[in-house]
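Taking it in order: structure first as structure tokens, then the write-up.
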């Protein structure tokens, strides 16, 4: 009779496998928790943000409720040039028949998007050119862009410091250093930044109150400095059918002109610094 075959069970293996699985799950949970812990805004700041957002959103809804009925299924925020061309066709007659109500809706939407950093304001600027022409279009765009940037400035003053420090730490340190060196000619430097694409407008709006740029300087630089870029965008809106891409708005020639204008504005600051050093 054959001897029974012995079976050896490694009792240490099963608990180890279970332990490895538990360890992996724990590490994954810790990673998720770490990502949440790194988010810079506290619950109070998040509550404040959503409170401001709700206030603006309700105001926007109230404006839309006062507007005459329209085929809302054909009206949506444009995300590309095709959407914009279709929107222009749908809104042209409406804007002529209800000019005041349409302007209220347009301005409210533009300022809302600018305040809460919602992409797409460039399409709104193109739409202004397509519907209103150069002069009225530029005035409309500069007004709304300045109002929206000002709202974003004050929102950042409330809760922006931890968010900007978290998102752009290096860029914020650089900006703060440049502002500190140009306090005496701060308006010139801010005009340079607004006219040229040296720093994104979104970053300027959020970072300006953090680096202690006075609001009147921020407001004037925005109001005046956005004029050249607004003129380019609005003029492009007149020839919306010929525009192939948003990138075509700022070709090498256009960027050269913007930087040239910016350099002419910042020259007094550079001369002042040179004399101070000497």
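In the numbering used here, the protein residues as written are 45 to 322. Ideal Cβ placement from N, Cα and C applies to all residues, glycine included. Bear in mind that the values here come from a model prediction, so they are computed numbers and not experimental data.
- The DSSP assignment places 87 to 110 as complete runs of the alpha helix (DSSP H) inside the region 87 to 129, in order along the chain (cut-off: 4 residues).
- Collapsing the DSSP output to three states places residue 255 in coil.
- For residue 217, the enclosing alpha helix (DSSP H) covers residues 213 to 225.
- For residue 278, the uninterrupted alpha helix (DSSP H) segment begins and ends at 271 to 282.
- Closest in alpha carbon position to residue 199, among 161, 185, 175, is 161.
- Put simply, the backbone Cα of residue 242 is about 10 Å away from that of residue 306.
- The beta carbon of residue 132 is closer than 8 Å to those of 171, 174, 175, 284 in its chain, skipping five residues each way along the sequence.
- Here the alpha carbon of residue 88 sits roughly 29 Å from the alpha carbon of residue 189.
- In the DSSP assignment, residue 159 falls within the alpha helix (DSSP H) that extends over 143 to 159.
- Shown here, residue 286 sits in a helix according to DSSP, grouped into three states.
- For residue 294, there is no enclosing alpha helix (DSSP H), since its DSSP letter is neither H nor E.
- Under the 10 Å beta carbon count, residue 196 is surrounded by 16 or more other beta carbons and is classified as buried.
- If the five residues before and after residue 303 are omitted, its C-beta is found closer than 6 Å to the C-beta atoms of 240, all from its own chain and listed in chain order.
- Shown here, residue 240 sits in coil according to DSSP, grouped into three states, outside any helix or strand.
- If you draw a 10 Å sphere on the C-beta of residue 110, you find fewer than 16 other C-beta atoms in it, and that means exposed.
- Between the beta-carbon of residue 269 and that of residue 235 there is about 5 Å, and that keeps the pair under the 8 Å contact cut.
- Between residue 259 and the set 193, 205, 224, the nearest pair of CA atoms involves 193.
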